[in-house]
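Protein chains: 2
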Amino acid sequence: MAKRRRVANLMALAVLSAVAFRQMHPYEMATTLRGWGKERDLQIKWGSLYTVVRNLAKHGLLAEVESGREGRRPERTVYRITDEGRAELVDWARELLSVAEPEFPRFRAGLSVMAVIGPDEVVTLLQQRLAGVERETAEARAALELHSPRVPRLFLIEIEYDLAMLAAEAAWMRSLIEEISGGTLPGLAEWRHHHETGEISAELVELADSSIEQYGKK
Amino acid sequence: MAKRRRVANLMALAVLSAVAFRQMHPYEMATTLRGWGKERDLQIKWGSLYTVVRNLAKHGLLAEVESGREGRRPERTVYRITDEGRAELVDWARELLSVAEPEFPRFRAGLSVMAVIGPDEVVTLLQQRLAGVERETAEARAALELHSPRVPRLFLIEIEYDLAMLAAEAAWMRSLIEEISGGTLPGLAEWRHHHETGEISAELVELADSSIEQYGKK
DNA sequence: GACCGGTTATTCGCAGACGAGTATACGCAC
DNA sequence: GTGCGTATACTCGTCTGCGAATAACCGGTC
Numbered sequence: 001m002a003k004r005r006r007v008a009n010l011m012a013l014a015v016l017s018a019v020a021f022r023q024m025h026p027y028e029m030a031t032t033l034r035g036w037g038k039e040r041d042l043q044i045k046w047g048s049l050y051t052v053v054r055n056l057a058k059h060g061l062l063a064e065v066e067s068g069r070e071g072r073r074p075e076r077t078v079y080r081i082t083d084e085g086r087a088e089l090v091d092w093a094r095e096l097l098s099v100a101e102p103e104f105p106r107f108r109a110g111l112s113v114m115a116v117i118g119p120d121e122v123v124t125l126l127q128q129r130l131a132g133v134e135r136e137t138a139e140a141r142a143a144l145e146l147h148s149p150r151v152p153r154l155f156l157i158e159i160e161y162d163l164a165m166l167a168a169e170a171a172w173m174r175s176l177i178e179e180i181s182g183g184t185l186p187g188l189a190e191w192r193h194h195h196e197t198g199e200i201s202a203e204l205v206e207l208a209d210s211s212i213e214q215y216g217k218k
Numbered sequence: 001m002a003k004r005r006r007v008a009n010l011m012a013l014a015v016l017s018a019v020a021f022r023q024m025h026p027y028e029m030a031t032t033l034r035g036w037g038k039e040r041d042l043q044i045k046w047g048s049l050y051t052v053v054r055n056l057a058k059h060g061l062l063a064e065v066e067s068g069r070e071g072r073r074p075e076r077t078v079y080r081i082t083d084e085g086r087a088e089l090v091d092w093a094r095e096l097l098s099v100a101e102p103e104f105p106r107f108r109a110g111l112s113v114m115a116v117i118g119p120d121e122v123v124t125l126l127q128q129r130l131a132g133v134e135r136e137t138a139e140a141r142a143a144l145e146l147h148s149p150r151v152p153r154l155f156l157i158e159i160e161y162d163l164a165m166l167a168a169e170a171a172w173m174r175s176l177i178e179e180i181s182g183g184t185l186p187g188l189a190e191w192r193h194h195h196e197t198g199e200i201s202a203e204l205v206e207l208a209d210s211s212i213e214q215y216g217k218k
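Taken in order, these protein sequences are the chains called A and B. End of the first sequence sits at 218 in UniProt numbering; the numbers just go up one at a time, nothing left out. End of the second sequence sits at 218 in UniProt numbering; the numbers just go up one at a time, nothing left out.
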């Protein structure tokens with residue numbers, strides 16, 4: 001599943017969806033996507049944009065229309081989508097909506113090494129992050145209000161998704177904070193002990209050498 | 001916030017956390033992380049592993065201990081963590097636990113171009129993905145059961161996080177499916193019309209040209 | 001004792017991502 | 001009409017992620 005795309009960068013998806021409406025030149029694609037409130041998807045990386053467009057053209061998903069210039073500005077190349085490009089857009093969307101693949105958010109990585117920090121400090125850090133998540137929630141809500149008067153809900157659905165996920169994350173964080181600060185997390189004493197003395201339980205060290213049946217391993 | 005790391009790849013974090021226990025050579029780091037059930041974090045990319053380790057060494061976060069060989073096997077280089085490396089590990093963990101930064105999961109990208117597919121097919125696709133999410137949930141639960149007898153909960157906390165997020169995602173997807181298939185999603189008729197005829201509402205086209213105040217823009 | 005498949009352990013090379021730099025045009029002040 | 005700040009539009013070079021190739025060793029089998 002999740003076949004190898006000729007141009008794998010997700011920015012290519014956004015580009016295709018913009019050019020699907022009408023032909024345009026690269027810079028215009030960026031501003032168009034902004035106009036649709038999609039700039040959150042891709043915090044436009046200029047370097048990538050041009051590489052991606054060139055690759056799409058190379059693989060026949062976009063075609064060069066004209067390479068005119070206005071005045072003595074740097075030459076602008078206008079692209080249009082090809083039938084193949086349209087097919088790729090639809091196929092890719094199908095894949096993204098139907099295939100669940102595990103992802104690895106940065107916060108998850110932080111959790112997986114949480115033990116290197118003491119429990120008391122962890123509580124403080126999590127509280128900070130919780131505040132950040134709440135800020136993001138407010139921003140998303142604001143974006144929804146800003147755009148919904150003119151953009152149909154269908155085109156803002158990913159912001160609703162953001163809101164749902166942010167809410168879930170906040171709830172989970174609150175309960176973890178509660179468990180640690182309330183002292184109900186099992187193993188809290190060992191954690192504190194490990195952190196203060198630097199001692200490592202023998203079993204954990206031993207585990208490092210054992211090779212056991214793995215999770216997620218096909 | 002979120003300062004530039006000397007070695008930015010998250011695999012470096014995992015490597016540091018492994019080497020923090022005892023000195024080892026690269027291949028051993030991979031198996032150690034497996035032993036702790038952390039292989040989900042990084043589906044070990046062999047190419048990256050060696051690049052990352054070399055970079056960590058270059059920046060003084062790891063130090064070469066010995067470069068012995070056994071028999072006529074390829075030479076093995078053993079690394080130990082430096083004080084600087086230990087500091088980086090802790091500092092990085094602090095950052096990851098305290099800073100919330102928006103991320104862009106692939107599914108979100110799919111949602112943002114959902115309109116290129118018709119509503120009926122979208123329902124089918126979402127149902128497929130929902131099944132996938134449920135499968136992942138089962139796997140995570142199994143992993144938790146497999147490891148919890150010997151690994152303290154503290155070290156499996158990221159799996160609990162996975163479970164919470166998967167549950168939220170499933171719930172959200174179910175409600176979206178319900179709205180579309182139940183016909184209660186506003187704009188459903190236009191969507192269907194657009195999909196069948198290829199027509200684009202004039203306002204949307206117009207929006208592409210306007211440049212309005214942006215969401216998420218600092 | 002020759003062969004074979006699996007595990008251990010690492011190197012290589014290329015494609016791709018992206019920060020930073022470049023250059024022109026335009027609007028506005030004075 | 002001259003100067004300057006800002007928007008437009010793109011290019012270049014670097015760094016790095018990672019797939020695929022490589023190769024030695026081990027243990028079994030006929």
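Even glycine gets a Cβ: it sits at the ideal position worked out from N, Cα and C. Predicted model, so just to flag it, every value in this text is computed and none were measured.
Around the beta carbon of B/Pro105, 16 or more other beta carbons lie within 10 angstroms, which makes this residue buried. For the stretch 39 to 66 of chain B, the beta-carbon criterion of a distance under 7 Å to any beta-carbon of chain A is satisfied by Glu39, Arg40 and Asp41.
With the criterion set as a beta carbon lying under 7 Å from some beta carbon of chain A, the members of the stretch 112 to 126 of chain B are Ser112, Val113, Met114, Ala115, Val116, Ile117, Val122, Leu125 and Leu126, in sequence order.
The Cβ atoms of A/Glu158 and B/Arg108 lie closer than 8 Å to each other. Taking a C-beta distance under 8 Å as the contact criterion, B/Leu163 and B/Thr197 do not qualify as a contact pair. Straight-line spacing of the CA atoms in B/Val78 and B/Glu64 works out to 6 Å. Using a C-beta cut-off of 8 Å, the stretch 131 to 146 of chain A makes contact with the stretch 159 to 178 of chain A, since at least three inter-stretch Cβ pairs fall below that distance.
Within the same chain, and ignoring the five residues on either side of A/Asn55 in sequence, the residues whose Cβ sits closer than 7 Å to its Cβ are Val7. In this model, A/Val15 and A/Gly47 are separated by some 14 Å (Cα to Cα). Per the coordinates, the alpha-carbon of B/Leu13 lies some 10 Å from the alpha-carbon of B/Leu42. As summarised for the UniProt domain "Transcription regulator PadR N-terminal" (15 to 89) of chain B, the continuous alpha helix (DSSP H) elements at least 4 residues long and confined to that stretch are 26 to 35 and 46 to 58, given in chain order.
Neighbours of A/Gly110 in chain B, taken as residues at a C-beta separation under 7 Å, are given in chain order as Ala93, Leu96 and Leu97. Taking a contact as a CB-CB distance under 8 Å, the pair B/Ala20 and B/Met29 does not count as one, their CB atoms being some 11 Å apart. Under the DSSP assignment, B/Leu154 falls outside any alpha helix (DSSP H); it carries neither an H nor an E label. Look at B/Glu101 here: in three-state DSSP terms it is coil, with no helix or strand label. Within a 10 Å sphere around the beta-carbon of B/Tyr161 sit 16 or more other beta-carbons, which makes this residue buried. B/Ile177 is a Cβ neighbour of B/Leu126, given a cutoff of 8 Å. By the neighbour-count definition (other C-beta atoms within 10 Å, threshold 16), B/Glu66 is an exposed residue. Taking CB atoms only, A/Gly132 has a neighbour in chain B less than 8 Å away. By the beta-carbon neighbour count (other beta carbons within 10 angstroms, threshold 16), B/Thr184 is exposed.
Taking 8 Å as the cut-off, the beta carbon of A/Val123 is found closer than this to the beta carbon of A/Ser181. Residues of the stretch 178 to 191 of chain B that bring their beta carbon within less than 9 Å of a beta carbon in chain A comprise Leu185, Pro186, Gly187, Leu188, Glu190 and Trp191, in sequence order. Under the Cβ distance rule, A/Val78 does not count among the residues neighbouring chain B, no pair being separated by less than 8 Å.
In this model, B/His147 and B/Leu111 are separated by some 35 Å (Cα to Cα). Between B/Arg106 and chain A, the shortest Cβ-Cβ separation is below 8 Å. Taking 8 Å as the cut-off, the beta carbon of A/Met114 is found closer than this to the beta carbon of B/Ala93.
In the DSSP assignment, A/Ala8 falls outside any alpha helix (DSSP H), carrying neither H nor E. Around the CB of A/Arg4, fewer than 16 other CB atoms lie within 10 Å, so the residue is classed as exposed. At a cut-off of 8 Å between C-beta atoms, A/Pro149 does not count as an interface residue with respect to chain B. The beta-carbon distance between B/Gly187 and A/Pro152, rounded to whole angstroms, is 4 Å. This is short enough to meet the 8 Å contact definition. In this structure, B/Pro26 is the residue among B/Gly85, B/Arg86 and B/Pro26 with its C-alpha nearest to the C-alpha of B/Thr51. Close CB contacts of B/Glu84 within its chain, under the 6 Å cut and outside five residues either way in sequence, are with Gly60 and Leu61 (chain order).
Between B/Arg40 and A/Pro102 the beta-carbon gap is near 7 Å, inside 8 Å, which marks them as a contact.
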